[in-house]
Every structure is written in C-alpha cells, then in structure tokens.
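**Student:**
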Ligand SMILES: Cc1cc2nc3c(=O)[nH]c(=O)nc-3n(C[C@H](O)[C@H](O)[C@H](O)COP(=O)(O)OP(=O)(O)OC[C@H]3O[C@@H](n4cnc5c(N)ncnc54)[C@H](O)[C@@H]3O)c2cc1C
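In the numbering used here, the protein residues as written are 2 to 318.
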C-alpha cells in the first residue's frame, strides 16, 4: 500500500502540467543526476529521458556570471584572462585557510576567500535558508564547489537528464501494479488500520547490540568481563524491555497524543531509573555511606545492595 496525504503521487518531485500546457515542478525544480548506471537502467524501464544539464547564473553587481564559481566567473568579475592554472593560483591566494571547518562560512571562506563569500554566498544563503552561513553547518554550502575550469554545469554527475514526460508520469508507471494499492489524499494515521500484517519484527535490541559491538561501545563489568548494549546486565535488559514497550505502545498501537506522551514519559523515567538507580538510592542513603566515595563505590553498592551503575551508558548510549 502506498499512502500519501497529498492528493498526488511523486512527493516533492510532482510536476503537473499547468493550464498553459507547461510542466511545473510544484515543490521546486528537480534535476535527475547520478553516477549510478544501475539506477538509470532501473528507471529507464519506466521512462524515456530528455537531456538536461542544469546551469545557473548569479546576478553579481548587475553582471550575470556562472555559479558554482569557475574560470569564467573569476575572469568576468575581475576583468582577467586567467587560464585554469591561473584561476587555481588566484583562488589559492584569496582563500583564507581556517584551522577548524565548522560552519558554512568557514568552508566557503577557506575555499574562495571573504570577498567572493560576501558577493556570492552570504546574501543568497540568508535569503534561501533564512540564516547566516555562520549559523549553518559546513555541509550546507560545502556541497557547492569552486572550479578552476570553465565547466558551468551545476552538477558534474555522469548522468544528468529529465524524465521525458516528467517525474509524476514516471512514478505513476512505477507504481501501476495490481499488488500496489495507491491511497492518495489521506494521512497515514487515518488509514493505519487498513494496513494488515501478520507479524511485526522489532529489531531494536539486535540493532543496538550490533552497533555497540561494531563501534566498540563495550562496558567493563564488575567481574572484569565485557558486555555490550543489549547484553545481559539487568540494567541493559531492563532498558531494552522499556524501549520495546515504547516502540510497541507508541509507534505500533494507535494512541492519542496525550497517551503517547504519557507513555514516553514513563519510559524516559524508567530508563533514567534503570541506569541511575544506584545514584538515586545512594543519594537517599544515610550520610555515613556517602563519605566512603562516589555513589558507585563498593561501600555504597554494599549498603544499597544494588550493583554498580556500570550500564549507565547502556541502551541509551
Ligand atoms: C526545492 C527542492 C529541490 C530539490 N532538488 C532536487 C534535485 O534537483 N535533485 C534531487 O535529486 N533531489 C532534489 N531534492 C530532494 C528531493 O526532493 C528528495 O530527495 C526526494 O523528494 C525524496 O523523496 P521521498 O519520496 O523520500 O520524499 P518526498 O518526495 O518528500 O515524499 C514524501 C511524501 O510523503 C508524504 N507524507 C509524509 N508524511 C505522511 C503521512 N503521515 N501520511 C501520508 N503521507 C505522508 C508527503 O506528503 C510526501 O508527498 C530537492 C528538494 C527540494 C525541496
């Protein structure tokens, strides 16, 4: 079953034909570009293609120049006639290397210097994202390259084109199958009951275990053995049970908003208690016990008869 609350297929790529006969990308322009031949081969079963290479011009000081910045951009802006090596040297001269690349401002200033950053990126980014590049992660502007050659295509992927009849027509053909039911104009929660299944497999514990082993997130037990998230320490086991409860009750069964939040709260409190109960109990223990050390010291553990909170970083780590 394919459900979409919008009244059409193709999600953000939806491109209806308007009353004037022109095709519009309703949610913003979408260009198909990939290096993966198998993706093209697969989609070609559902669409023919028309060649399309995206080229963008920026209006800088009344002059239209290519963006991403390339040889043509630099020569036009500065009245130069640099070759490719010359543009490389120019960019290397104006770039302001930064010790740490954290924000979009960092990545661009380090690549093309402050002046080109101000002229090309700052205003555009503020308009597009409503935030200054200094407030955005480096990955946002980092994907826009600076080129030394005259390639003025926005993308450099091997395959760049558009579905001949548009994305909506392509997705229509992809999903036209007797075993695919398409339900449009309906939110998932309005129709969740109709989605029938025989079993639900909750892989949370196995996935957590796998991640903890793969990332080496081991915990040293009191007996000096190692255990991993989802292992057999009872704090971990309890946390996993709570997470399973959370998944089943909040995400699978249909609950109202208040009931969902209430259960979320119970689980959060349960996880905190599972992982910090020694600390909590020690805090309420007689003062004499605390003098011997931290809450997970041997003295505290003996007095509270709870094991050390070694799993405090377990399932929720
Ligand atoms: C302006 C813009 C330009 C872009 N340009 C490009 C580009 O040139 N090239 C490119 O490769 N990518 C581009 N992208 C990214 C591209 O749109 C996404 O990667 C792609 O649409 C993701 O497809 P999707 O099916 O995962 O999600 P979407 O296309 O977002 O579809 C998700 C659908 O799920 C529906 N939905 C969500 N929640 C529910 C619910 N509870 N019940 C029922 N339905 C629900 C929504 O209504 C939506 O139609 C662009 C994105 C934007 C916004």
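Even for Gly, the Cβ is constructed at its ideal location relative to N, Cα and C.
Computed from a prediction, not measured in an experiment: that's the story for all the values here.
#1: Are the beta-carbon atoms belonging to residue 138 and residue 36 less than 8 Å from one another?
#2: Got a sec: is the Cβ-Cβ distance from residue 174 to anything in chain C below 8 Å?
#3: Quick check on residue 204: buried or exposed, where buried means 16 or more other Cβ atoms within 10 Å of its Cβ?
#4: Closer than 7 Å to a non-hydrogen atom of ligand 1 - does that hold for the CB of residue 188?
#5: Does the stretch 144-151 come close enough to the stretch 71-90 that 3 or more CB-CB pairs lie under 8 Å?
#6: Could you compute how far the alpha carbon of residue 214 sits from the alpha carbon of residue 131?
#7: Would you mind giving the Cβ-Cβ distance between residue 247 and residue 265, rounded to the nearest angstrom? I have them listed as a contact below 8 Å.
#8: Which runs of the beta strand (DSSP E) spanning at least 3 residues fall entirely within the stretch 29-56, listed in chain order?
#9: Distance check for residue 14 and residue 133, CA to CA, integer angstroms please.
#10: At the level of alpha carbons, what is the spacing between residue 274 and residue 268?
#11: Would you identify the three-state DSSP class for residue 135, choosing helix, strand or coil?
#12: Residue 44 and residue 183: beta carbons closer than 8 Å?
#13: Around the C-beta of residue 1, are 16 or more other C-beta atoms found within 10 angstroms, so that it is buried, or is it exposed?
#14: Residue 6 by DSSP, collapsed to three states: which one?
#15: So, is residue 2 buried or exposed, given that buried needs 16 or more other C-beta atoms within 10 angstroms?
#16: Please return the same chain residues whose Cβ sits closer than 8 Å to the Cβ of residue 48, not counting the five positions on each side in sequence.
#17: Could you check the C-alpha separation between residue 185 and residue 74 for me, to the nearest Å?
#18: For residue 104, list the residues DSSP reports as bridge partners.
#19: So, are the CB atoms of residue 156 and residue 55 less than 8 Å apart?
#20: In this structure, how does DSSP classify residue 122 when only helix, strand and coil are distinguished?
#21: Apart from the five residues just before and just after residue 176, which ones in its own chain have a Cβ nearer than 8 Å to its Cβ?
#22: Let me know the secondary structure DSSP gives residue 160 once reduced to three states.
#23: Buried or exposed for residue 53, going by 16 or more other Cβ atoms inside 10 Å?
#24: Rounded to a whole number of angstroms, what is the C-alpha to C-alpha distance between residue 50 and residue 12?
**Tutor:** Looking at the atomic coordinates:
#1: The answer is no: Cβ separation not under 8 Å.
#2: The structure shown contains no chain C; it holds only a single protein chain.
#3: So residue 204 counts as exposed.
#4: Yes, the beta carbon of residue 188 sits closer than 7 Å to at least one heavy atom of ligand 1.
#5: In short, these stretches touch, since the Cβ pair count reaches three.
#6: Their backbone Cα atoms lie some 41 Å apart in a straight line.
#7: Confirmed, Cβ separation roughly 7 Å.
#8: Runs found: 33-35, 50-52.
#9: Using only the alpha carbons, I get a separation of about 28 Å.
#10: Residue 274 and residue 268: Cα-Cα distance of roughly 10 Å.
#11: In this structure, residue 135 counts as helix in the three-state DSSP scheme.
#12: Cβ distance not < 8 Å, so residue 44 and residue 183 don't count as in contact.
#13: An answer regarding residue 1 cannot be provided, because it is not within the stretch 2 to 318 covered by the chain.
#14: Residue state, collapsed to three classes: coil.
#15: The residue is exposed, with fewer than 16 neighbouring Cβ atoms inside 10 Å.
#16: Hits under 8 Å: 164, 165, 166, 170, 171, 174.
#17: Roughly 46 Å separates the two Cα atoms.
#18: Beta-bridge pairing links residue 104 to 138.
#19: Yes, these two residues count as a Cβ contact at 8 Å.
#20: Residue state for residue 122 is assigned as helix, using DSSP reduced to three classes.
#21: Excluding sequence positions up to five before and after residue 176, its CB lies within less than 8 Å of the CB of 3, 10, 183, all in the same chain and listed in chain order.
#22: In the structure shown, residue 160 sits in a strand (DSSP, three-state: E or B).
#23: Exposed.
#24: Near 20 Å, if we compare the C-alpha coordinates of residue 12 and residue 50.
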